[in-house]
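Enquirer: Residues in the sequence shown are numbered from 22 upward in steps of one, following my numbering. We put the CB at the ideal spot given by N, CA and C, even for glycine. All figures in this text were calculated on a predicted structure; none of them were measured in a lab. Dropping the structure in here first, questions after.
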Amino acid sequence: MAHPRDPRPDDIVVTGTGAVSRFGTEPSHLIAALKAGESPAFDVWPEATAIGCSCDVIGLVTADLDNEQIGVDRKSARFLGKASRMALYAARSALREAQIDTEGLAVIVGSGTGDVQTHRDVEGIVSKGTVRGIGPTVIPRIMASTVSANLVNVLKATGPSMSASAACAGGAWNLLIAAQVVRDGFAPAAIAGGTEVLDMHFHAGFDAMRAYNRTGSEDRVRPSRPYAADRAGFIFGEAAGIVVLERRDRAEARNQPILGTLLGWGMSSDGQGEMVAPFAGGAAKAMRAALRHSGLAASEVEYVNTHGTSTPVGDVTEVQALREVFGDHRPAYGSTKGYTGHSISAAGAIEAIATLAMIREGFIAPSVHADPLDPALEDWPPVLEMAQRPLSVALSNSFGFGGTNVTLALGR
């Protein structure tokens with residue numbers, strides 16, 4: 022077991038988590054699935070079937086997110102799309118666990134787009150040659166920062182706020198920006214993370230670029246299968262992941278239990294790659310930067326929660342980057358997207374929550390549906406069976422279209 026550097030007063034620690042996913046509305050629902058090593062069948066989206074999408078399978082959040090459940094009045098509810106509703110539910114869960122108020126709280130939470138359903142609704146009105154019927158809440162719903170803006174106003178937070186949009190690395194970017202805001206004293210604490218919801222523009226676009234698993238509704242059981250020889254693309258999964266970040270000395274002064282430590286982070290871009298093609302050098306650079314920033318040696322890393330989306334090229338490219346970074350030291354690795362699907366801007370936060378749970382509870386969730394394994398990985402396979410194992414240090418990778426890469430270094 023690795024022994025990371027001694028705790029420091031200015032360490033950024035996690036004191037609360039919130040996770041809404043296809044498994045339910047609390048982190049415990051997701052963690053239970055990971056500990057069981059089981060991923061139930063994904064959902065079929067009839068609207069995608071009806072218009073001829075080659076992929077009509079998704080991970081849908083079916084939880085009740087009405088005004089009463091998320092704690093808003095009708096006035097505030099006018100500005101909330103589903104992404105903001107999920108983020109608000111997750112944020113409230115995280116804040117309850119952390120036992121903090123929102124005075125001075127920073128809010129760094131985002132999604133890949135604004136509320137696209139509102140865009141569609143407006144287009145439907147305008148296409149009829151009129152603006153009558155377009156309400157005064159449109160702009161706050163469609164702006165890219167709609168999620169953070171809604172959280173600030175509902176929670177009455179008074180610290181810095183913004184939404185980082187960085188494709189599939191967006192959630193991780195929001196975490197590291199929030200960590201810097203707290204570390205540098207601009208806020209006593211922050212909520213940070215990402216959220217993403219189903220939308221036909223979103224879905225049809227990924228379907229058209231052949232990023233999705235194209236097997237359709239006949240394969241609901243294992244449509245997301247990172248590292249499998251027959252993997253054929255990712256599956257979208259709605260989700261919201263939120264963590265509360267604060268300095269260690271503040272958490273300890275409050276006698277607040279610490280759920281884990283954000284030891285450091287690394288970022289890079291695939292400037293030498295292509296828009297949607299992964300580049301091993303960029304991924305390796307982000308991981309090396311995270312090790313330097315956290316003061317860790319590669320040999321101290323015991324587990325890597327990979328980006329591992331189940332795309333034919335992406336999975337093996339990331340393992341190539343792991344080989345570059347770790348050499349003969351081979352930490353356990355695996356992807357949790359076989360459980361959740363790929364939640365885009367929520368992925369970095371959801372996977373940080375999952376990784377911290379593994380560190381805290383001493384287990385490594387298997388990469389489900391990876392049988393038959395890609396032969397290229399036989400000499401260093403992902404974790405394929407539940408492993409009860411003490412962990413101290415792990416990395417969590419998030420890599421997005423456009424070549425934006427983030428690695429989070431996480432510890433006890």
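Should residue 62 be labelled buried (16 or more other beta-carbon atoms within 10 Å of its own) or exposed?
Expert: When all chains shown are included, residue 62 counts as exposed.
Enquirer: Am I right that residue 264 and residue 35 are in contact with their C-beta atoms under 8 Å? What's the rounded C-beta distance?
Expert: About 5 Å separates the two Cβ atoms, so the contact holds.
Enquirer: Please look up how many angstroms separate the CB atoms of residue 415 and residue 322, rounded, as I've assumed it's under 8 Å.
Expert: The Cβ separation is near 7 Å, so the contact holds.
Enquirer: Below 7 Å between beta carbons: does that hold for residue 127 and residue 173?
Expert: The answer is no: Cβ separation not under 7 Å.
Enquirer: Let me confirm a value: residue 291 is counted as buried when at least 16 other C-beta atoms fall within 10 Å, else exposed. Which label applies?
Expert: Result: buried.
Enquirer: Where does residue 123 sit, in a helix, a strand or coil, going by DSSP?
Expert: In this structure, residue 123 counts as coil in the three-state DSSP scheme.
Enquirer: Are the beta-carbon atoms belonging to residue 238 and residue 65 less than 7 Å from one another?
Expert: Going by C-beta atoms, residue 238 is nearer than 7 Å to residue 65.
Enquirer: In terms of DSSP beta bridges, what is residue 324 paired with?
Expert: Its beta-bridge partners are 353, 415.
Enquirer: In whole angstroms, what separates the C-alpha of residue 249 from that of residue 394?
Expert: Roughly 5 Å separates the two Cα atoms.
Enquirer: If the criterion is Cβ atoms closer than 7 Å, does the pair residue 342 and residue 304 meet it?
Expert: Yes, the pair counts as a contact, with Cβ atoms nearer than the cut-off.
Enquirer: Applying the 10 Å Cβ sphere with the 16-neighbour rule, what's the burial state of residue 295?
Expert: Exposed, because fewer than 16 other Cβ atoms sit within 10 Å of the Cβ of residue 295.
Enquirer: Does DSSP classify residue 142 as helix, strand or coil?
Expert: Helix.
Enquirer: Helix, strand or coil, according to DSSP, for residue 426 in the structure here?
Expert: Strand.
Enquirer: Using C-beta distances below 7 Å, list every residue in its chain close to residue 236, excluding the 5 sequence neighbours before and after it, in chain order.
Expert: Around residue 236: 244, 253.
Enquirer: Which ranges does the alpha helix (DSSP H) cover as unbroken runs of at least 4 residues, wholly within the region 224 to 294, from first to last along the chain?
Expert: Fully enclosed alpha helix (DSSP H) runs of 4 or longer: 269 to 274.
Enquirer: CA-CA distance, residue 260 and residue 104?
Expert: Going by the C-alpha atoms only, they are around 8 Å apart.
Enquirer: So what's residue 217 in DSSP terms, helix, strand or just coil?
Expert: Strand.
Enquirer: Between the region 101 to 119 and the region 39 to 51, are three or more C-beta pairs nearer than 8 Å?
Expert: Segments in contact, yes.
Enquirer: Starting from the C-beta of residue 171, find all residues in its chain whose C-beta is less than 6 Å away, skip the five residues before and the five after it, and write them out in chain order.
Expert: Cβ within range, chain order: 100, 101, 105.
Enquirer: Kindly indicate which residue of 115, 283, 73, 350 has the alpha-carbon position closest to the one of residue 314.
Expert: Answer by Cα proximity: 283.
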